[in-house]
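Quick notes on the structure that follows.
Numbering (our numbering), first residue to last: 1 to 412.
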């Protein structure tokens, strides 16, 4: 996020000595995007950021493998069927399952109740949407408490871990469910909402005031850990594995929470979907007005409760449309999605509307929406500009009949 923040102890001038109380020096690390040509932050470590004592393979197996959507059909994926209600011991990092993916972005889902290992994604930024439950997320920049409806945008190579709320915790409501958007690029606000200096503009549906930065600094002793304890960090990075993703486990000679201070314009931040201000119009507005983030060859959009079209002859549900250049992936979170009533879509569903297939409202929804003034729905949409393939989780929970829902079944 391109606005400056500073936290903890940093020297007066960059790239100068930062003295430790014991007479030594803290070690400066530049964490920057696009080489030295884009946003960055400077982090000041107790230990050498490059020091590792071991490297092992993190065996991802075929978890990143995909299957083409062929023959080309729209699909309904029931994510809540992925994890049995009585399953325990799964964490947000190693437990997430691949639903859909291509070379630009991977969409994964997880239900978790166990602490994750320390982790960083060396391929691209992550945008995690908290569908249900909550968690404490500890990062080298500081900590977040995330709850239902929060997005957490985590820059590439940020070391962090997830600690889900569980029964017995004060704020526990239900187990953590998270929708994980893993990019092969950076994830930013839409460019059309930014000034040439990076400020969110007046016509943007959210502003910097709505964003939450990390609470910190956060050091090993703050979480009850030994600062000198050797620690493993799980890393996803580029390679020749399925989907171009492989894993390595580094062992560091110290705890990763050793950043005494940092400053800059690159850091994780949280944003709650309830703070998104929808843009509406006299007639039905196209999906770009719902956009919240973008990456290379994909966008993320919010559909939130809102007043709808106010032309006297408006049809509030979407018109039928062909995704000529993109696949449209809608994750239904809450409420009633007017356009798809009767199709089997419900909370926890994903609809896959691939490029080359014309789609739109369920039969009858077009007419039934006339005179409706408000939609009570919450959904997260990802549109990609290259075809998405099915991951193992997508194959596992495909209902097998959604493609025929516009005619009432294959035999209708």
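All residues carry an ideal CB built from backbone N, CA and C; glycine is no exception. It should be emphasised that the depicted structure is a prediction, and the values quoted were computed from it without experimental measurement.
- Message: Restricting to Cα atoms, I'd like to know which of 165, 182, 183 is closest to residue 175.
- Response: Among 165, 182, 183, the Cα nearest to that of residue 175 is on 165.
- Message: The alpha helix (DSSP H) that contains residue 392, what's its start and end?
- Response: In the DSSP annotation of this structure, the continuous segment of the alpha helix (DSSP H) that includes residue 392 starts and ends at 392-396.
- Residues near residue 215 in its chain [Cβ-Cβ closer than 6 Å; skip 5 each side]: 142, 143
- Message: At the level of alpha carbons, what is the spacing between residue 97 and residue 135?
- Response: 19 Å
- Using the C-alpha atoms, what's the distance from residue 324 back to residue 190? One Cα belongs to residue 190, the other to residue 324, and the distance between them is close to 21 Å.
- Query: So who's on the other strand from residue 151, going by DSSP bridges?
  - Reply: 129, 271
- Query: DSSP state of residue 10, grouped into three classes?
  - Reply: Coil, per DSSP.
- Message: Taking the beta strand (DSSP E) that residue 28 belongs to, which residues open and close that run?
- Response: 27-32
- Task: Report the rounded CA-to-CA distance for residue 110 versus residue 177, giving the unit in angstroms.
- Result: 6 Å
- Assign residue 220 to one of three DSSP states: helix, strand, or coil. helix
- Message: Excluding the 5 residues flanking residue 412 on each side, which residues of the same chain have their C-beta closer than 6 Å to its C-beta?
- Response: Only weak support is given to the placement of residue 412: the predicted model assigns it a pLDDT of 39, under 50, and the value that follows is read from those uncertain coordinates. Answer for residue 412: no residue qualifies.
- DSSP bridge partner residues for residue 181 (one or two, in chain order): 107, 127
- Message: Just to confirm my understanding: we take residue 155, look at its own chain, exclude 5 residues before and 5 after, and list those with CB closer than 6 Å. What are they?
- Response: 125, 266
- Contact check, residue 18 vs residue 28, beta carbons under 8 Å: yes
- If you scan the stretch 298-354 from start to end, which runs of the beta strand (DSSP E) of 3 or more residues do you find wholly inside it? Within the stretch 298-354, the complete beta strand (DSSP E) runs of at least 3 residues are 298-303, 327-335, 349-353.
- Task: Measure the alpha-carbon distance for residue 149 versus residue 380 and round it to whole angstroms.
- Result: 10 Å
- Query: Roughly how many angstroms lie between the CA atoms of residue 74 and residue 357, to the nearest whole one?
  - Reply: 7 Å
- Item | Extent of the continuous beta strand (DSSP E) to which residue 379 belongs | 377-384
- residue 276 by DSSP, collapsed to three states: which one? coil
- Where does residue 364 fall in DSSP's three states? Taken through DSSP and simplified to helix, strand or coil, residue 364 comes out as coil.
- Message: Contact between the stretch 366-384 and the stretch 77-91 is defined here as three or more beta-carbon pairs at a separation below 8 Å; is this criterion met?
- Response: no
- Task: Throw me the rounded Cβ distance for the residue 261 and residue 217 pair, which I believe falls under 8 Å.
- Result: Rounded, the Cβ-Cβ distance is 6 Å, consistent with contact.
- Message: Bridge partners for residue 119 per DSSP, in chain order?
- Response: According to DSSP, residue 119 shares a beta bridge with 160, 234.
- Terminal residues of the continuous beta strand (DSSP E) containing residue 208? No beta strand (DSSP E) contains residue 208, which DSSP labels as neither H nor E.
- Message: Just to confirm my understanding: we take residue 82, look at its own chain, exclude 5 residues before and 5 after, and list those with CB closer than 8 Å. What are they?
- Response: Hits under 8 Å: 97, 109, 111, 393, 396, 397.
- Short check: CB of residue 333 to CB of residue 378, under 8 Å? yes
- Have a look at 328, 60, 255, 311 and flag the residue whose alpha-carbon is nearest the alpha-carbon of residue 298. 328
- What is the C-beta distance between residue 140 and residue 257, in whole angstroms, given that I count them as a contact (C-beta under 8 Å)? 7 Å
- Message: What does the alpha-carbon distance come out to for the pair residue 352 and residue 331?
- Response: 9 Å
- Message: Please classify residue 365 as buried or exposed, where buried requires at least 16 other C-beta atoms within 10 Å of its C-beta.
- Response: With 16 or more Cβ atoms within 10 Å of its Cβ, residue 365 is classed as buried.
- Query: Do residue 263 and residue 40 have their C-beta atoms within less than 8 Å of each other?
  - Reply: Not in contact: residue 263 and residue 40 (Cβ atoms no closer than 8 Å).
- Message: So for residue 79, helix, strand or coil by DSSP?
- Response: Here residue 79 sits in helix by DSSP.
- Item | Under the three-state DSSP convention, the category residue 250 falls into | strand
- Exposed or buried, which one is residue 293 when buried takes at least 16 other CB atoms within 10 Å? buried
- Cβ of residue 360 within 7 Å of any heavy atom in the ligand GTP? The ligand GTP is not among the ligands present in this structure, which contains no ligands whatsoever.
- Query: To the nearest angstrom, how far is it from the Cα of residue 61 to the Cα of residue 246?
  - Reply: 9 Å
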